[in-house]
Amino acid sequence: MTQTTVPQEDPALLAAFEARIAAGESIEPKDWMPERYRKQLTRMMAQHAHSEIVGMLPEGNWITRAPSLRRKMSLIAKVQDEAGHGLYIYCGTETLGVDRHDLFNQLLDGSAKYSSIFNYPTLSWADMGVIGWFVDGAAIVNQTVLAKASYGPYARAMVRICKEENFHKRQGFEICATLAKGTPAQKEMLQDAVNRFWWPSLMMFGPSDKDSPNSAELLKWRVKRKTNDELRQRFVNLTVPQAQAIGVTLPDPDLRYDAATKNWEFGEIDWSEFWDVVKGNGPCNVERLEARNAAHDAGRWVREAALAHAAKNARSVSAA
Amino acid sequence: MAAHEEEEGGVAAGEAKSGVGTVAGPRQAPLAAPLVEYLLRLGDDRLILGHRMSEWTGHGPILEEDIATANIALDLIGQAAQLLKLAGEVEGKGRTEDTLAYFRDGVQFRNCLLVELPKGDFGDTMVRQFLFDAHSVLLWEALAGCGHAGIAGIAAKALKEDKYHLRHSSEWVVRLGDGTEESRARVQRSLDRLWKYTAELFAADEIDDAVAALGVRVDAAGLRARWDAMVNEVLARATLTRPAEGAAQRGGRRGRHTEHLGHLLATMQSVARAHPGATW
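In order, the protein sequence lines correspond to chains A and B. Here the working numbering is used: position 61 in the first sequence is 61, and no number is missing along the way. Converting from the second sequence to the working numbering requires adding 1000 to each position, the first position being numbered 1.
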């Protein structure tokens, strides 16, 4: 993609917009907004929607193998919620003047980004617990803050979505707690899943503040409210006591409590892995996009039929 | 090879004749108590169909259908859990809905063949669902008023869910039938392939007679007539041709399944069976 030039905004309009932001007002679709604001929001919301859609795949992978009927139903319901969130946020982007089909095509052709966590494989049933606990937990930390973002439609979507994510996180943690009390094989399965998902979950908050190119502007316009590092620390502080409660270890020998800052200090994140996965070289990047494209291609005749049928109906209604 | 020869040579012709009484067995394996069999049939139909539907989650032709198919799978598996739980209670041997779902082999499953066939393309799935839904709605209508409180309760709730499923699947059959040339050809093929499995939905046997005596009575002939009318109406709107009645495929009610069921169960039961006795 070529870099688009930043349009010159009318200084008076920009000043009025920034004053509204500073006053804590929410920006609505019909309000004037700088083009950069529109672009940043579209980028964030689209990434969020794509993540929900791609996120259906690693969990969908275990629906057919869930070990009890109750777990099978709650996993289907969770993945269904993700489809709902995706749809809801895609519709939200349309308030910014974007066509959701264009965004969807960007996901399919690989030009759009989504959360890298979904490029890791799900290898055991315990992953369904750990994804709920860590990944939905991390999403909640992010989204609770986004629920106070300046763009009204996104903030309101976050309020609603956060409620469901909270439920998913509790459900995931409960799967983990059950495994932690289970047989030696179940405990081993759980610890292995924790070991695999801990670091990628910390990476979900994005690059460190010093390497986050978009953060300053997003913070100024209250698209973001906290920096990546602040949110990451909050997640670690919330999660460590939960790990202690169910008796699993976290794969970080440097993890220690700092009484002065009241933070759980953690070791160095492997940023080369992060950038590798972002650039498309993670364990499942290719498989995830292939799966989405396969579904899209196999569904083409269905969508064409639905459109053709609707057109016939419209004709017969107008003829009547 | 030596062992084989010994086996063949080891039994003299005369001994084999005198052992006739111990060799002759019943033509079919014995069935469980009628009400248990009946509940397993109802429950297994919905468990297996729900499982097949859940295979679509995340792979649908449009996002809205990912939501709809997941919802239908959820309803069906929820109904199955209730029916299998009741089956276990009536049986009285301590089997739960989970032991019934996860620790029976294929030949012990009682679902009809229609529901275990692979999901195929979206047209196959919707035609199968439509044929099943039309039957299921009529069946629940009958059972909601039956003389067994447990079954009647499940039926009343399931009826509401299945009416929605039927609306959804029949709308898709119409859309795909009366859509493009390609979609009509595809969905007509689905209908032609699946038709021979529909007769099993209506096949009544001694289990149906026995549960009728317990107050679980369904007018099979009346149900068939209403199903025919319902199906004909939707197929007409879909501009599809109803296949001629030919040789039917059946056997699921007595555990004689297609080869597909074994693979489905191998997947479904893999985690549960790898950890017998574990709690999830």
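Glycine residues also receive a C-beta, built at the ideal position from the N, C-alpha and C atoms.
### Query
Does DSSP classify A/Asp258 as helix, strand or coil?
strand
### Query
Alpha carbon to alpha carbon, what distance is there between B/Phe1132 and B/His1051?
14 Å
### Query
What distance in whole Å lies between the Cβ atoms of B/Pro1243 and B/Trp1195, which are believed to be in contact at a cut-off of 8 Å?
4 Å
### Query
What residues in its chain sit with their C-beta under 8 Å from that of A/Ser116, if we drop five residues either side in the sequence?
Pro200, Met203, Met204, Phe274, Val277, Val278 and Gly282
### Message
Helix, strand or coil for A/Asn61? Go by DSSP, reduced to three states.
### Response
coil
### Task
Compute every distance between the C-beta of B/Ile1048 and the non-hydrogen atoms of the ligand SAH, then say whether any falls below 6 Å.
In the structure shown, the ligand SAH is absent, as is every other ligand, since no ligand is present at all.
### Message
Can you pull the chain A neighbours of B/Glu1259, defined as C-beta to C-beta under 8 Å?
### Response
In chain order: nothing, as chain A lies at least about 18 Å away.
### Task
Sort A/Trp32, A/Leu123 and A/Gly172 by Cα distance to A/Ala138 and report the nearest one.
A/Gly172
### Task
Could you tell me the boundaries of the alpha helix (DSSP H) in which B/Trp1172 lies?
Ala1149 to Gly1177
### Sequence ranges, alpha helix (DSSP H) only - wholly within the region 1190–1255 of chain B, length at least 4
1199–1202, 1206–1213 and 1220–1237
### Message
Please state the DSSP three-state secondary structure of B/Ile1288.
### Response
Beyond the ends of chain B as shown, which are 1001 and 1280, falls residue 1288 of chain B; an answer cannot be given.
### Task
Establish whether the CB of A/Thr122 and some CB of chain B are separated by less than 7 Å.
no
### Backbone secondary structure at A/Glu290 - three-state DSSP
helix
### Message
Counting only beta-carbon separations shorter than 7 Å, does A/Leu103 have a partner in chain B?
### Response
no
### Task
Give the range of the alpha helix (DSSP H) segment to which A/Glu164 is assigned.
Gly152 to Ala180
### Query
Does the count of Cβ pairs from the region 22–30 of chain A and the region 69–76 of chain A closer than 8 Å reach three?
no
### Query
What are the uninterrupted segments assigned as alpha helix (DSSP H) that are 4 or more residues long and contained completely in the region 119–151 of chain A, given in chain order?
126–130 and 137–146
#### Entry: Any C-beta of chain A under 7 Å from that of B/Ile1067
yes
### Task
Could you spell out where the alpha helix (DSSP H) holding A/Asn313 opens and where it closes?
Arg300 to Ala319
### Message
DSSP three-state label for A/Trp221, please.
### Response
coil
#### Entry: Simplified DSSP assignment, three categories, for A/Trp271
helix
### Task
Show which residues of chain B have a CB atom less than 9 Å away from the CB atom of A/Glu304.
Gly1179, Thr1180, Glu1182 and Ser1183
#### Entry: Where A/Glu265 falls: helix, strand or coil (DSSP)
strand
### Message
I need the boundaries of the alpha helix (DSSP H) containing B/Arg1052, first residue and last residue.
### Response
Pro1034 to Ser1054
### Task
State whether the region 176–184 of chain A contacts the region 236–251 of chain A, with contact taken as three or more CB pairs (one from each stretch) at a distance under 8 Å.
yes
### Message
So with CB distances below 9 Å, who are the chain A contacts of B/Met1268?
### Response
Thr64, Arg65, Ala66 and Lys72
### Task
Return the Cβ separation of A/Leu41 and A/Leu96 in integer angstroms, given the expectation that the two are a contact with Cβ distance under 8 Å.
6 Å
### Task
For chain B, find out if any of its Cβ atoms is closer than 7 Å to the Cβ of A/Val79; answer yes or no.
yes
### Query
Of all the residues that make up the region 1101–1128 of chain B, which are near chain A by a beta-carbon distance shorter than 8 Å?
Ala1101, Tyr1102, Asp1121, Phe1122 and Gly1123
### Query
Who are the Cβ neighbours of A/Gly110 in its own chain at under 8 Å, not counting the five residues just before and after it?
Gly280 and Leu289
#### Entry: Where the region 162–187 of chain A meets chain B: residues whose CB sits under 9 Å from a CB there
Ile175, Thr178, Leu179, Lys181, Gly182, Thr183, Ala185 and Gln186
### Query
Quick one: what does DSSP say B/His1263 is sitting in, helix, strand or coil?
helix
### Message
Give me the chain A residues within the contact set of B/Glu1098, using Cβ-Cβ distance strictly less than 7 Å, ordered along the chain.
### Response
Note that residue 1098 of chain B is Asp in the sequence shown here, rather than Glu. Near B/Asp1098 (Cβ distances below 7 Å), the residues of chain A are Ser68 and Leu69.
### Task
Could you list which residues in chain B have their beta carbon closer than 9 Å to that of A/Ala298, in chain order?
His1059, Pro1061, Asp1121 and Phe1122
### Query
Under 7 Å, do B/Ser1270 and A/Ile63 count as touching if we go by C-beta distance?
no
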